[in-house]
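Okay, so here's the structure we're looking at.
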Amino acid sequence: MKLLAWALRLHPRLPHRGLPAGRPPAWECLGPRSSAGLWPRGWASVRAFGSKTGPSASGRIMRPDDANVAGNVHGGTILKMIEEAGVIISTRHCNSQNGERCVAVLARVERTDFLSPMCIGEVAHVSAEITYTSKHSVEVQVHVMSENILTGTKKLTNKATLWYVPLSLKNVDKVLEVPPVVYSRQEQEEEGRRRYEAQKLERLETKWRNGDIVQPGLNPEPNTVSYSQSSLIHLVGPSDCTLHGFVHGDSSSDNTGLGVASSGNTAGTQEDLLAPGVTMKLMDEVAGIVAARHCKTNIVTASVDAINFHDKIRKGCVITISGRMTFTSNKSMEIEVLVDADPVVDNTQRRYRAASAFFTYVSLSQDGRSLPVPQLVPETEDEKKRFEEGKGRYLQMKAKRQGQVEPQP
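One rule links them: number in my numbering = place in the sequence shown (from 1) + 13.
Shown next, in the form of C-alpha cells:
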C-alpha cells in the first residue's frame, strides 16, 4: 500500500484508457479460474497450437527502480520480462517429450513496438505462446498488458516475436530438435514458415556490420553524432547469467537459420553465459542515454528493430555496449546499439560483436505529449550514409503503418 500511495503522489493521473478497439473485456481475457477459484496472473493468450505446455503468463507490479525520473517504466525492463516469458514457454515445449534435456536460448527478437507507456504502480501482465516450430527453432509471440489496479482498466502495451533454439544441457554447442506442434489450420503453418524464412534472410543482412565500431569524437558540437553517443562497460558476473548457464547461439551458419551451430562435440560441459534479458536491458539503457543527451527532455522507448544475437557472452567477459544516433525525424530518434565482448581471461579469443539492434525513442513533455526532436547533424560520410539508411527504415515502417506497399515521396 505504501508503494501505491507513493505512485499516486507521483502520478495523480495514472492512465485510465481501456483496451484497444476490438479487444474483449478484461475479464473475458483471463481464461478459466484455477481450482482455488482465483484468476491466474496475467491474461491468457490464444492456445499454443497443440503444444502440450499451453500459454505461459506472469505478472508483477512496476516499482520506482523499474522507471525513469518521470515515472515511465524503462523499455529495457519490459524487454527483460518479455524474454523471460519466452524462455519459459519455449524451454517447457522443447522438454515436453522424452529425450535429452535442453534449455531454449534466444537467437533473435523481431521488431517490438511500445504501444503505450507503462507507469509506476501499474501491474505488467506478460503472456507468451508458441506460434511456429521448425526442426531446430521455436517462434514465440508475447503480449504485454498494463493494469491500473485501482480502476481495473487494462491496455495493450507491447507485442513481440522471439526466436529460440534448444541447446543441450550437457554441451552448449549441441542444437537439439524441437518437438512439433499441431496447427488448427494449415494456413498457420504456412504463415509461420514464411516468417521463419524472412527472419533468416534479415539475420544474414546484419553480419556485414559486425566490424563497425563507435569511435569517440573530440569536442563535439550539439546535435552531432559524437555529442550524444554513449558507452557502458560491464563485467559479466554470476548474477547476470542464466540459471542453466546458457544464453543465445553463436554466429556459425547451420540449418536452424538462427545463427546457432552444433560443433558435433558432445563432451562439453555446462557454461555460465550472460542472460539475453540482461543484455537487452543494458542495450535499452544505453540507447536511452543517447536519446536524452540529444534532446535534453524526458524520453521513452517507442520501438526496437530486430535484436540479433551473433555470439555467446560468457561469465568473466567485459562487454561494451555502445550507442549512437543514426537518424531523426520530426518526432523520433533512431539509435544504433552494438554489444562487443572482450574475453579478458581467454588469450585465444579476440574482442567480438555479440549483439546489435536499432532503438527508436520519442521525446515527451511533462503531460505526456510528444515533442519535436532536434535534428541530427551528420558530419562524416559514414554518418551521412547511416542517416540515409535510417531514413529508409523510417519511411518503410511509416508506409507499412499506413497500409502502403512502397513509401511515397
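We put the beta carbon where it would ideally sit given N, CA and C, even for glycine. Owing to the predicted nature of the structure, the values given are computational and were not obtained by experimental measurement.
Identity of the residues DSSP links to residue i by a beta bridge
{"i": "Asn161", "result": "According to DSSP, which records beta bridges pairwise, Asn161 is partnered with nothing at all."}
{"i": "Ala173", "result": "Val155"}
{"i": "Glu142", "result": "Gln154"}
{"i": "Pro179", "result": "Ala117"}
{"i": "Leu351", "result": "Ser335, Ser369"}
{"i": "Leu295", "result": "According to DSSP, which records beta bridges pairwise, Leu295 is partnered with nothing at all."}
{"i": "Val188", "result": "Leu180"}
{"i": "Asn321", "result": "Arg121, Ser369"}
{"i": "Lys344", "result": "Answer by DSSP bridge pairing: none, since Lys344 is not bridged."}
{"i": "Ser168", "result": "The sequence given here places Lys at residue 168; Ser does not occur at that position. Paired residue(s): Ser159."}
Alpha-carbon to alpha-carbon, residue j and residue i
{"i": "Val313", "j": "Leu128", "result": "11 angstroms"}
{"i": "Glu204", "j": "Glu152", "result": "12 angstroms"}
{"i": "Val139", "j": "Pro385", "result": "32 angstroms"}
{"i": "Val194", "j": "Ala120", "result": "20 angstroms"}
{"i": "Arg364", "j": "Lys325", "result": "12 angstroms"}
{"i": "Val358", "j": "Val188", "result": "26 angstroms"}
{"i": "Asn232", "j": "Met131", "result": "37 angstroms"}
{"i": "Thr292", "j": "Gly336", "result": "13 angstroms"}
{"i": "Gly290", "j": "Met94", "result": "7 angstroms"}
{"i": "Ser275", "j": "Asp186", "result": "With a pLDDT of 40 at Ser275, under the threshold of 50, the predicted position of this residue should be treated as unreliable, though the coordinate-derived value follows. The straight-line gap from Cα to Cα measures roughly 5 angstroms."}
{"i": "Val299", "j": "Val352", "result": "10 angstroms"}
{"i": "Arg366", "j": "Pro251", "result": "21 angstroms"}
{"i": "Arg207", "j": "Glu234", "result": "45 angstroms"}
{"i": "Glu190", "j": "Tyr209", "result": "16 angstroms"}
{"i": "Ile348", "j": "Thr373", "result": "6 angstroms"}
{"i": "Lys404", "j": "Ser342", "result": "8 angstroms"}
{"i": "Phe371", "j": "Met338", "result": "10 angstroms"}
{"i": "Tyr240", "j": "Glu96", "result": "32 angstroms"}
{"i": "Ala57", "j": "Ser69", "result": "With a pLDDT of only 30 at Ala57, under 50, the local geometry of the prediction cannot be trusted, and no value is derived from it."}
{"i": "Lys344", "j": "Gln379", "result": "16 angstroms"}
{"i": "Gly99", "j": "Glu396", "result": "35 angstroms"}
{"i": "Glu200", "j": "Trp176", "result": "20 angstroms"}
{"i": "Lys167", "j": "Ser159", "result": "6 angstroms"}
{"i": "Lys213", "j": "Lys183", "result": "27 angstroms"}
{"i": "Arg76", "j": "Ser109", "result": "35 angstroms"}
{"i": "Leu408", "j": "Gly416", "result": "12 angstroms"}
{"i": "Gly490", "j": "Ala354", "result": "Residue 490 lies beyond the residue range present for the chain, which begins at 14 and ends at 422; the question has no answer from this structure."}
{"i": "Glu215", "j": "Lys172", "result": "19 angstroms"}
{"i": "Arg105", "j": "Glu113", "result": "13 angstroms"}
{"i": "Cys308", "j": "Leu217", "result": "33 angstroms"}
{"i": "Pro179", "j": "Glu123", "result": "18 angstroms"}
{"i": "Ser150", "j": "Glu202", "result": "14 angstroms"}
{"i": "Ser71", "j": "Arg382", "result": "30 angstroms"}
{"i": "Gly165", "j": "Asn111", "result": "42 angstroms"}
{"i": "Glu377", "j": "Val82", "result": "Sequence check: residue 377 is Leu here, not Glu. About 13 angstroms."}
Residue i (DSSP reduced to helix, strand or coil)
{"i": "Lys411", "result": "helix"}
{"i": "Thr314", "result": "strand"}
{"i": "Ile326", "result": "coil"}
{"i": "Leu217", "result": "helix"}
{"i": "Gly72", "result": "strand"}
{"i": "Val303", "result": "helix"}
{"i": "Ala61", "result": "Note on Ala61: pLDDT 43, under 50, position unreliable in the model; the coordinate value appears next. Coil at Ala61, not helix or strand."}
Nearest-angstrom beta carbon gap, residue j and residue i [assumed within contact, 8 angstroms]
{"i": "Asp79", "j": "Val86", "result": "5 angstroms"}
{"i": "Ile102", "j": "Ile143", "result": "6 angstroms"}
{"i": "Thr255", "j": "Ala288", "result": "5 angstroms"}
{"i": "Leu389", "j": "Phe340", "result": "7 angstroms"}
{"i": "Thr333", "j": "Ser243", "result": "With 8 angstroms as the limit, Thr333 and Ser243 do not qualify as a contact, their Cβ atoms being about 11 angstroms apart."}
{"i": "Ile74", "j": "Val136", "result": "5 angstroms"}
{"i": "Val3", "j": "Thr125", "result": "Here the chain covers residues 14 to 422 and nothing more, so residue 3 does not appear."}
Interface flag, residue i vs chain D, CB-CB below 8 angstroms
{"i": "Ile143", "result": "Here there is only one protein chain, and chain D is not present."}
Contact test: residue i Cβ vs the ligand NAP heavy atom, cutoff 7 angstroms
{"i": "Asp79", "result": "As far as ligands go, the structure on display features none, and thus does not contain the ligand NAP."}
Ranges of the beta strand (DSSP E) found wholly within the stretch 79-145, counting only runs of at least 3: 115-122, 125-127
Whole beta strand (DSSP E) elements within the stretch 361-410, 3-residue minimum: 365-377
Whole beta strand (DSSP E) elements within the stretch 225-258, 3-residue minimum: 243-248
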